[in-house]
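Heads up, the thing below is written out as structure tokens.
Chains as they are written, first to last, in my numbering: chain P, 253 to 364; chain B, 2 to 112.
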């Protein structure tokens, strides 16, 4: 059971480039979400999904897009990377809305 | 979202119990109290959660005040592997994976 898998683990982008952070879970969880964590800070919610085809914005959605075409996958797209998006990104999933969330190991993104 | 207040840091000796406090004076009746921890260079890990009654699991115990305005995470015997940032989070039922993290309490465990 792999849990929540994020790829890549590390990425360096130039300002203006686009990329997709991948997140996959094999637990058949309906709920998935993306967070970012800046140095010395707690995690902040970017986007979340309550099921395939349904997404919504979190606290800091600007500059990011998501889609949820399958239950398993929830990719996060950076449309035009900016240095302010340098952060560690975590994906999470949970079975129901009041059960424990499982987090991936994170993607460390640097935008230069 | 209701907010939580935690000390920035705490220290403990190995093999000793640790009590990590959390204040949440604006908690609503439908808010669950969740605790997560984050080990260095890892994603957060679920520890425990509760609504009104005290809860126990293999990792820890959660003591919830009668008025629910505060709670305490109890690690019964701290080990070096328990050194992490511990987050106390209020989560309303029906809010999916919407966890609002504060800055948490950094727990240091020494020999």
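Where a beta carbon is used, it is the ideal one built from N, C-alpha and C, also for glycine. The structure presented is a predicted model; accordingly, all values stated were derived computationally and were not measured.
Assuming the contact rule is C-beta atoms closer than 8 Å, residue i and residue j should be a hit. Round their C-beta distance to whole Å, please.
| i | j | result |
| --- | --- | --- |
| residue 44 of chain B | residue 263 of chain P | About 17 Å separates the two Cβ atoms, so there is no contact after all. |
| residue 277 of chain P | residue 305 of chain P | Contact doesn't hold; Cβ gap of about 16 Å is too wide. |
| residue 89 of chain B | residue 27 of chain B | Incorrect: roughly 13 Å between the Cβ atoms, too far for contact. |
Is the CB of residue i under 8 Å away from at least one CB in chain B?
| i | result |
| --- | --- |
| residue 358 of chain P | yes |
| residue 216 of chain P | Residue 216 of chain P lies beyond the range of chain P shown here (253 to 364); nothing can be said about it. |
| residue 405 of chain P | The structure shown does not extend to residue 405 of chain P, since chain P spans only 253 to 364, so no value can be given for it. |
| residue 305 of chain P | no |
| residue 254 of chain P | no |
What's the gap between the Cα of residue i and the Cα of residue j?
| i | j | result |
| --- | --- | --- |
| residue 11 of chain B | residue 334 of chain P | 36 Å |
| residue 59 of chain B | residue 257 of chain P | 25 Å |
| residue 313 of chain P | residue 328 of chain P | 11 Å |
| residue 17 of chain B | residue 85 of chain B | 16 Å |
| residue 110 of chain B | residue 38 of chain B | 14 Å |
| residue 101 of chain B | residue 92 of chain B | 8 Å |
| residue 103 of chain B | residue 73 of chain B | 16 Å |
| residue 307 of chain P | residue 275 of chain P | 15 Å |
| residue 55 of chain B | residue 21 of chain B | 14 Å |
| residue 64 of chain B | residue 265 of chain P | 45 Å |
| residue 99 of chain B | residue 299 of chain P | 9 Å |
| residue 36 of chain B | residue 46 of chain B | 9 Å |
Identify, in the order they occur along the chain, each residue of the same chain with its Cβ nearer than 6 Å to the Cβ of residue i, setting aside the five sequence neighbours on each side.
| i | result |
| --- | --- |
| residue 71 of chain B | 24 |
| residue 13 of chain B | 19, 79, 110 |
| residue 40 of chain B | 85 |
Which residue comes first and which comes last in the beta strand (DSSP E) that contains residue i?
| i | result |
| --- | --- |
| residue 319 of chain P | Here residue 319 of chain P belongs to no beta strand (DSSP E), and DSSP marks it neither H nor E. |
| residue 22 of chain B | 19-24 |
| residue 331 of chain P | Taken as a continuous stretch (DSSP letters only), residue 331 of chain P belongs to no beta strand (DSSP E), as it is neither H nor E. |
| residue 276 of chain P | 271-277 |
| residue 106 of chain B | 106-111 |
| residue 295 of chain P | 295-303 |
| residue 361 of chain P | 359-363 |
Does the beta carbon of residue i come closer than 8 Å to any beta carbon on chain P?
| i | result |
| --- | --- |
| residue 87 of chain B | no |
| residue 45 of chain B | yes |
| residue 76 of chain B | no |
| residue 104 of chain B | yes |
In chain order, what residues of the same chain lie with their CB nearer than 7 Å to the CB of residue i, ignoring the 5 residues before and after it?
| i | result |
| --- | --- |
| residue 342 of chain P | 287, 289, 295, 355, 356, 358 |
| residue 338 of chain P | 361, 362, 363 |
| residue 69 of chain B | 28, 53 |
| residue 330 of chain P | 270, 271, 315, 316, 337 |
Examine the ligand GTP and report whether any of its heavy atoms sits within less than 7 Å of the Cβ of residue i.
| i | result |
| --- | --- |
| residue 334 of chain P | With respect to small molecules bound, the structure shown includes none, and the ligand GTP cannot be examined in it. |
Once the 5 residues before and after residue i are set aside, which same chain residues still bring their CB inside 8 Å of it?
| i | result |
| --- | --- |
| residue 302 of chain P | 282, 283, 308, 349 |
| residue 261 of chain P | 357, 358, 359, 360 |
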